[in-house]
Every structure is written in structure tokens, then in C-alpha cells.
Amino acid sequence: MKFVITKNILENVIASMQPFLEKKDSSAITSHIYLEINNSNLIIKATDYEIGLESFIDNLINTVDGKTTVNGSNLLGIIKRLKNEDIILEATNNNLVIKQNKSTFKLPTYDANEFPVLNKSENLKELSISTINFINSIRKITPAIDNNNPKFELNGALLDIKSQKINFVSTDTRRLALSFLENMNNDEAQLIIPKKAIIEIQKLFLDEAKISYDNTNLVISNQHTKFFTKLINGKFPDYERIIPSNLKHNFFLPKNVLVESIKLVTSLFSNIKITFNSKSIIFESLDEDSEAKTQIDIDLNIPNEFFLAVNAKYLLDFLSMTNNEKVKIGFNESNLPFYLEDDKFITIVMPIVLEK
Numbered sequence: 353m354k355f356v357i358t359k360n361i362l363e364n365v366i367a368s369m370q371p372f373l374e375k376k377d378s379s380a381i382t383s384h385i386y387l388e389i390n391n392s393n394l395i396i397k398a399t400d401y402e403i404g405l406e407s408f409i410d411n412l413i414n415t416v417d418g419k420t421t422v423n424g425s426n427l428l429g430i431i432k433r434l435k436n437e438d439i440i441l442e443a444t445n446n447n448l449v450i451k452q453n454k455s456t457f458k459l460p461t462y463d464a465n466e467f468p469v470l471n472k473s474e475n476l477k478e479l480s481i482s483t484i485n486f487i488n489s490i491r492k493i494t495p496a497i498d499n500n501n502p503k504f505e506l507n508g509a510l511l512d513i514k515s516q517k518i519n520f521v522s523t524d525t526r527r528l529a530l531s532f533l534e535n536m537n538n539d540e541a542q543l544i545i546p547k548k549a550i551i552e553i554q555k556l557f558l559d560e561a562k563i564s565y566d567n568t569n570l571v572i573s574n575q576h577t578k579f580f581t582k583l584i585n586g587k588f589p590d591y592e593r594i595i596p597s598n599l600k601h602n603f604f605l606p607k608n609v610l611v612e613s614i615k616l617v618t619s620l621f622s623n624i625k626i627t628f629n630s631k632s633i634i635f636e637s638l639d640e641d642s643e644a645k646t647q648i649d650i651d652l653n654i655p656n657e658f659f660l661a662v663n664a665k666y667l668l669d670f671l672s673m674t675n676n677e678k679v680k681i682g683f684n685e686s687n688l689p690f691y692l693e694d695d696k697f698i699t700i701v702m703p704i705v706l707e708k
């Protein structure tokens, strides 16, 4: 195997492969990147068995067909040090030789036939959805996906395809985020996509792509990139019962003012108390040793004072994903979940119960 390629082109592709590599065991073949030349076209693959990425680069020069694997981290380290000029890569005698001008590097290779097959699935169903809308929807719910929860299904996001709409849902048990789109003639299904996959999808796809799935896999592909992930096998919680059906109070509040006020009292402290009264909203830190407090004057027209205690990060995460100048907040009681809403995006937050 041999090919010539510009340094920056190869570096960008190899860098995008890094999250898909086995990091703990450098001797594992999954710590390697698969390289193959076929009719002047380069195929590059990486996988950790749970997620995988395949990239295609067309019409290379001075090519010799063949395939090999090489440690992906080490290959990137070499390429980064080179000038932005052509690089020659050649597999020979169980090594990958990398040359540029008078510089030469060698990395050991493995048998490419031992590299895992990325996706054996056949008869995948295509999801009829705009990729841009898909990416925007999962982006909004990403902060609420849990980490290392013993209930594996909470370490991913639910794609709940219903007859009339598609819900994108995540929860870390303290908050629930839901974004939704209209369903364009897709069959009803539920897919739980791992958090790692959710994060990588947002990096890889900025334009339209084909999205396909079956009971165990999700595949997203365009002309030059093919991504796959295994789905989480589990039952996602009944999230719809958590969404309040009725709210005693609803306000539309200015987003930028909320963000500024929250950040003023949470430069050091993460838990805050927000008090609503007829003429103002007061923001206070909940730290026992020091005090931070600010107020915004706004006519709410509520008969009784009301407060919420909450982790400020949950509010800021929601506000950072909103598009409108004003957002909706709704609540019933201080100790019950409260409701945040923007265009086709809601978050339900469990408040902190304060001791009296």
C-alpha cells in the first residue's frame, strides 16, 4: 500500500478519528486506524466496537492498492509535526513508513484483516428528517444526558419517534430536557443513543446526511464520512408523566437579563434561590458563609411571593440553548418540578428543597 497526500487533509481526518480509538491498551487493534487504498481512493476507519467512523478521500496520486493498520495516536503525533506539504505513506515489512522531504518515520503495523468490521447491519430503515434539525435537537438536550449511571439507558438520549412528532429526550434524574420536531412519515420507534455518540455526531455532520437505523445500530453517512454507533439496549423512563399538565404561574422573561443575573450570583456558588413577587425577581446565592444578591424589576402581577431554589447550571444550560429573546418559565409549588420552555424545547427541573 502506498499513497501521497497533503498533510492538512490527512491530519484533519486522523484527528477526527481520535475519539473512536481504544485509549487504555495501545496494543489492541482498536487503538489502530485502518488504512486502505483501492483504485486511487483512500479509506480510513476507526472503532472502539461501540462507535465507529469511516472516511473516504478520492483521487489520490502515486497509489498502490493495499491495506494496513497503524496506531492512530502515534500517527497523528507524527503528522502534526510535518509541514503542510505532500506526505508519502507506504506499508512495507510490517511497518508504515511516513516520508516528507528528508524526514522519515516508521510505525509498526498489524494485519488489516484482523480489524473489526464496523457495521454488519442490513436492511436499515432510513429516517426522514433534516440532518440540521436533527443535530440542533440533540445539541439542546446534550447537557442533561447523565454520566456513568448504573441505569445504562440514562447514559444516552432517547429518540422517540411517534406518529405526529419526534421527541429527543435526556435526563440525569434531576432535570429532563426535551426537544421535538414534526414527524415526516417515519415509523414509530424508540432509539437510545449513547452520549459519546451524541457528542461526536455534532462534530462530524454540519450538512445534510443520510440517517439510518435498526434495533441495534444508528448509521449516519454522507459522501465522505460514515458514522455508526451501537444503541443502548434498555427501556427509557416514562418521561411524559414528569411533564406538568397544568401550571399555576407562567411568565415570559427576558433571556439575557436572566443570564446576567444568574451569573452575577453564581461566580463561585452553584445553588441559588430565585424569589418572584409582584414587582421584581430576586436572585440570591445559597452559600452559608457569604452573600451574593441581585434584583431585576419586572411587573409579574402575582398575588403572593414565591421562590425556587435550584442548581444554577441547569438554568444556564437551558438558556444557552435557546433562540428567542424571551423564555417561558412555569411552576406550581416551590417543592415541585418547574418548567422552562423555548421554541420546540423544554426543560423540567427538580428544585432544591430548603430546610425551614
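The opening residue of the sequence shown carries number 353 in the working numbering; numbering runs sequentially from there. Quick reminder that beta carbons are idealized off the backbone N, C-alpha and C, glycines included. Everything numeric in this text was worked out from a predicted model, so none of it was measured.
Problem - Contiguous alpha helix (DSSP H) assignments of at least 4 residues, all confined to the segment 368-455 - result: 424-433
Problem - Nearest neighbour of L605, chosen from N663, I396, E693 [CA to CA] - result: If you number the sequence shown from 1, residue 605 lands on position 253. Comparing Cα-Cα distances from L605 to each of N663, I396, E693, the minimum goes to E693.
Exercise for the section: Enumerate in chain order the residues of its own chain whose CB-to-CB distance from I563 is below 6 angstroms, with the five nearest sequence positions on each side excluded. Expected result: Counted from its first residue, the sequence shown places residue 563 at position 211. L479, I572.
Practice task
Quick one: give me the first and last residue of the beta strand (DSSP E) that L692 is part of.
Solution key: Taking the sequence shown and counting its residues from 1, one reaches residue 692 at position 340. Note, L692: beta strand (DSSP E), 690-694.
Handout entry: Outcome for P546 when other beta-carbon atoms lying within 10 angstroms are tallied against a minimum of 16
Key = For this step, residue 546 is matched to residue 194 along the sequence shown. Result: buried.
Handout entry: Selected residue, minimal CA-CA separation from I381, among E466, K631, P689
Key = Counted from its first residue, the sequence shown places residue 381 at position 29. Taking only the C-alpha atoms, the option nearest I381 is E466.
Exercise for the section: For I490, count neighbouring Cβ atoms within 10 angstroms of its own Cβ and tell me buried if that reaches 16, exposed if not. Expected result: Position 138 of the sequence shown, counted from the start, is the residue given in the question as residue 490. Classification for I490: buried.
Handout entry: Alpha carbon of K607 to alpha carbon of I698, nearest angstrom
Key = For the purposes of this step, residue 607 is taken as residue 255 along the sequence shown, with counting starting at 1. For the purposes of this step, residue 698 is taken as residue 346 along the sequence shown, with counting starting at 1. Approximately 14 angstroms between the Cα atoms of the pair.
Problem - Span separating the alpha-carbon of T420 from that of F457 - result: Counting from one through the sequence shown, the residue named residue 420 turns up at place 68. Counting from one through the sequence shown, the residue named residue 457 turns up at place 105. About 16 angstroms.
Handout entry: Rounded separation between I584 and S473 - CA only
Key = Walking along the sequence shown from the start, residue 584 turns up at place 232. Walking along the sequence shown from the start, residue 473 turns up at place 121. Going from the Cα of I584 to the Cα of S473 covers about 16 angstroms.
Practice task
Look at the alpha carbon of Y691 and the alpha carbon of I518, and state the distance between them as a whole number of angstroms.
Solution key: Your numbering for residue 691 matches position 339 in the sequence shown. Your numbering for residue 518 matches position 166 in the sequence shown. Approximately 20 angstroms, taken between the alpha carbons.
Handout entry: Minimum C-alpha distance to F579 - residue among F588, G586, N569, K587
Key = Residue numbering aside, residue 579 sits at position 227 when the sequence shown is read from its first letter. When each option's Cα is compared against that of F579, the closest is N569.
Handout entry: Span of the beta strand (DSSP E), counted from its first residue to its last, around I544
Key = Your numbering for residue 544 matches position 192 in the sequence shown. That run of the beta strand (DSSP E) goes 541-546.
Handout entry: Neighbour-count burial assignment, D651, 16 or more Cβ in a 10 Å radius
Key = Residue mapping note: residue 651 aligns to position 299 of the sequence shown, counting from 1. Answer is exposed; the Cβ neighbour count stays below 16.
Problem - Minimum C-alpha distance to F658 - residue among Y666, D641, F408, I634 - result: Here residue 658 is taken as the residue at index 306 of the sequence shown, counted from 1. F658 has its Cα closest to that of I634, out of Y666, D641, F408, I634.
Exercise for the section: Can you check DSSP and say which residues form a bridge with K680? Expected result: The residue given as residue 680 occupies position 328 in the sequence shown. Paired residues: F604, E693.
Problem - Three-way DSSP call (helix, strand, coil) for V705 in this model - result: Taking the first residue of the sequence shown as 1, we reach residue 705 at position 353. Coil at V705, not helix or strand.
Problem - Under the three-state DSSP convention, the category K492 falls into - result: The residue labelled residue 492 in the question sits at position 140 within the sequence shown. In this structure, K492 counts as helix in the three-state DSSP scheme.
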